[in-house]
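**Q**
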Amino acid sequence: MGRAFEYRKARKLKRWGNMAKTFTKIGREISIAVRNGGPDPAGNPRLRMLIQNAKTANMPKENVERAIKKATGKDPSDYKTVVYEGYAPHGIAVLVETATDNPTRTVANVRSYFNKAGGALGTSGSVDYMFEHKCVFKVKMKEKPDLEELELELIDIGGQEVFVEDDLIIIYGDFEAFGPIQKYLEENGYEIENADFERIPQNTRKLSAEQAEDIEKLLVRFEEDDDVTNVFHNMA
Numbered sequence: 210m211g212r213a214f215e216y217r218k219a220r221k222l223k224r225w226g227n228m229a230k231t232f233t234k235i236g237r238e239i240s241i242a243v244r245n246g247g248p249d250p251a252g253n254p255r256l257r258m259l260i261q262n263a264k265t266a267n268m269p270k271e272n273v274e275r276a277i278k279k280a281t282g283k284d285p286s287d288y289k290t291v292v293y294e295g296y297a298p299h300g301i302a303v304l305v306e307t308a309t310d311n312p313t314r315t316v317a318n319v320r321s322y323f324n325k326a327g328g329a330l331g332t333s334g335s336v337d338y339m340f341e342h343k344c345v346f347k348v349k350m351k352e353k354p355d356l357e358e359l360e361l362e363l364i365d366i367g368g369q370e371v372f373v374e375d376d377l378i379i380i381y382g383d384f385e386a387f388g389p390i391q392k393y394l395e396e397n398g399y400e401i402e403n404a405d406f407e408r409i410p411q412n413t414r415k416l417s418a419e420q421a422e423d424i425e426k427l428l429v430r431f432e433e434d435d436d437v438t439n440v441f442h443n444m445a
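Every number in the working numbering is 209 more than the matching position in the sequence shown, counting from 1.
1. Return the first residue and the last residue of the beta strand (DSSP E) that Phe384 is part of.
2. Around the Cβ of Lys221, are there at least 16 other Cβ atoms within 10 angstroms (buried) or fewer (exposed)?
3. Find the nearest neighbour of Phe323 within the set Val303, Ser335, Glu396 and Ala404, judged by alpha-carbon distance.
4. Are Ala308 and Arg237 closer than 7 Å when you measure CB to CB?
5. Who are the near neighbours of Leu377 in its chain, counting only those whose CB is closer than 7 Å to its CB and skipping five residues on each side?
6. Tell me which residue opens and which closes the alpha helix (DSSP H) that Glu357 is part of.
7. Within 10 Å of its beta-carbon, does Arg224 have 16 or more other beta-carbons around it, so buried, or fewer, so exposed?
8. Which two residues bound the contiguous alpha helix (DSSP H) that contains Phe421?
9. For Glu407, count neighbouring C-beta atoms within 10 Å of its own C-beta (all shown protein chains included) and say buried if the count is 16 or more, exposed if not.
10. For Ile366, I'd like the list of residues in its chain whose CB is within less than 7 Å of its CB, leaving aside the five on either flank, ordered along the chain.
11. Mind listing, in chain order, the continuous beta strand (DSSP E) runs of no fewer than 3 residues lying wholly within the region 288 to 315?
12. In three-state DSSP terms, what is Gly252?
13. Apply the 10 Å Cβ neighbour rule to Ala290 and answer buried if 16 or more other Cβ atoms are within range, or exposed otherwise.
14. How would you write the range of the alpha helix (DSSP H) that Lys353 sits in, first residue to last?
15. Do the CB positions of His299 and Leu416 come within less than 7 Å of each other?
16. Quick check: the Cα distance between Glu183 and Glu395, rounded to an integer number of angstroms?
17. Ala329 by DSSP, collapsed to three states: which one?
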């Protein structure tokens, strides 16, 4: 097993606290996908996957349709993806992904969370180099799947790791390989349950239980902010 497997096994990020938060997150990502690639799922792979993610999260169909319609309306919410970088206490590097229609508000909030925790918001590129940006797919298990053969097929198009977790096939690949991997899985009859992007730290820092609690408190602050979609860190 490779580093993506070990990272996934050890990752302790908190999950979104409720369905409303999850629906808000997916709805904003749908808006961004529609504005970037159009409202037709057939011609917009990212939108197609987000609709599947919404289905997996039990997001009502009307919520999805509303998000698509709003993004194509005369006065759509202009959501943008903005990534903030900084340091939490005890030297932990943090990447905060947001989907926001007001970057001024969002950066002020992110900065305040870092400051209150005894950390600091950094400049672009200050910690990004410590992480590898990967795409990840959760695929429903086929009958008697040949994982070795699947991994060999995917390596040619940017796939890197394939393993089983909780009766799902987990596939990690290069960030740029999202489209080719999605296309391969769809064309070969694999049912994709969820697809997303993760940032995997190249190295991690081990903290004491008390120090780790400081980081967890900061993660909760980020998690409660509606503009924040994902948080990644290099705490072991």
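For every residue, glycine included, the Cβ atom is placed at its ideal position computed from N, Cα and C.
**A** Looking at the atomic coordinates:
1. Mapped onto the sequence shown, residue 384 falls at position 175. No beta strand (DSSP E) holds Phe384; DSSP gives it neither H nor E.
2. Taking the first residue of the sequence shown as position 1, residue 221 is located at position 12. Because the pLDDT of Lys221 is 38, which lies under 50, any placement of that residue in the model is unreliable, and the number read from its coordinates should be weighed accordingly. Lys221 should be labelled exposed.
3. On the sequence shown, residue 323 is found 114 positions in, with the first residue counted as 1. The shortest Cα separation from Phe323 among Val303, Ser335, Glu396 and Ala404 belongs to Val303.
4. Within the sequence shown, the letter at position 99 stands for residue 308. Within the sequence shown, the letter at position 28 stands for residue 237. Yes, they are a contact pair.
5. Taking the first residue of the sequence shown as 1, we reach residue 377 at position 168. Lys347, Val348, Lys349, Met350 and Glu402, listed in sequence order.
6. Residue 357 sits at position 148 when you count from the first residue of the sequence shown. Here the alpha helix (DSSP H) through Glu357 covers Leu356 to Ile364.
7. Here residue 224 refers to the residue found at position 15 when the sequence shown is read from its first residue. Residue placement at Arg224 is flagged as unreliable, the pLDDT there being 47, under the threshold of 50; a coordinate-derived value is accordingly withheld.
8. Mapped onto the sequence shown, residue 421 falls at position 212. Note on residue identity: the sequence assigns Ala, not Phe, to residue 421. Start and end: Ala418 to Glu432.
9. Along the sequence shown, one-based indexing puts residue 407 at 198. It counts as buried.
10. Counting from one through the sequence shown, the residue named residue 366 turns up at place 157. Cβ within range, chain order: Ala386, Pro389, Ile390 and Tyr393.
11. 289 to 296 and 302 to 309
12. For the purposes of this step, residue 252 is taken as residue 43 along the sequence shown, with counting starting at 1. Of the three classes helix, strand and coil, the one that applies to Gly252 here is helix, per DSSP.
13. One-based indexing of the sequence shown puts residue 290 at position 81. Note that residue 290 corresponds to Thr in the displayed sequence, not to Ala. Looking at its Cβ environment, which holds fewer than 16 other Cβ atoms inside 10 Å, Thr290 is exposed.
14. Here residue 353 refers to the residue found at position 144 of the sequence shown. It is not in any alpha helix (DSSP H) - Lys353 carries neither H nor E in the DSSP assignment.
15. Here residue 299 refers to the residue found at position 90 of the sequence shown. Here residue 416 refers to the residue found at position 207 of the sequence shown. Yes, the pair counts as a contact, with Cβ atoms nearer than the cut-off.
16. Because the chain in this structure spans residues 210 to 445, residue 183 falls outside the shown range and cannot be described.
17. As a working mapping, residue 329 is identified with position 120 in the sequence shown. Reduced to three states, the DSSP call for Ala329 is strand.
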